[in-house]
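*Asks:* Numbering (this note's numbering), first residue to last: 3 to 178.
Backbone N, C-alpha and C define an ideal beta-carbon position, used for all residues, glycine too.
1. Pairs of beta-carbons, one from the region 130 to 143 and one from the region 55 to 75, closer than 8 Å: are there three or more?
2. Below 8 Å on the Cβ atoms is my contact criterion, and I expect residue 160 with residue 18 to pass it. Report the Cβ-Cβ distance as a whole number of Å.
3. In whole angstroms, what separates the C-alpha of residue 76 from that of residue 95?
4. Evaluate the contact criterion for the region 8 to 15 versus the region 97 to 105: three or more CB pairs, one atom per stretch, below 8 Å.
5. First and last residue of the alpha helix (DSSP H) that includes residue 140?
6. Which residues share a DSSP beta bridge with residue 83?
7. Could you tell me the boundaries of the alpha helix (DSSP H) in which residue 92 lies?
8. Closest to residue 6 by CA distance: which of 27, 143 and 111 is it?
9. Between residue 164 and the rest of its own chain, which residues show a CB-CB distance below 6 Å, the 5 nearest in sequence each way excluded?
10. My output table needs one value for residue 14: the three-state DSSP class, helix, strand or coil.
11. For the putative contact between residue 10 and residue 129, defined by C-beta atoms under 8 Å, what is the C-beta separation to the nearest angstrom?
12. Pick out whichever of 67, 90, 101 and 91 has its Cα sitting closest to the Cα of residue 83.
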């Protein structure tokens, strides 16, 4: 299976969700939170599509095929832009942008840094990719590959961490 930016993002949150998603058990289509995030991403910067380009990119990392579709890449400045609803899962957002930067650099494309934009919060976070970060990306790719190739689904996180997850009902149905 190909490792993509969504799987890198999910790895930072929940290994069970990662395994389910990678094995075509998806619940995002039932989530109002996911729908709101997509709407924010589509409507927040309507002029951006005119200035930046969408980039589909692929490479191998330690023998594992990786790909990504970057919605907003400014080729003039080498900046990746990622729009997110809230900063609640910030590490997952950073990992996703670092994965984009890694893939771009591995393909010889200028990738100076990324910007995670939180329009509802009116905040922006700069994301860099240093040597240690590159090794982290490689480890994440290997970890994603390991998890998605497991025969059994990993156990759920503690229930208290799952309240807003689109997989909540799937993981916790029948539980008291």
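*Replies:* If we stick to the structure as given:
1. yes
2. The pair is not a contact, with the Cβ atoms about 12 Å apart (cut-off 8 Å).
3. One C-alpha to the other measures close to 18 Å.
4. yes
5. 133 to 150
6. Bridge partners of residue 83: 74 and 117.
7. Residue 92: member of the alpha helix (DSSP H) spanning 92 to 108, first to last residue.
8. 143
9. 170
10. coil
11. Between residue 10 and residue 129, the beta carbon gap of about 13 Å keeps them out of contact (Cβ cut-off 8 Å).
12. 101
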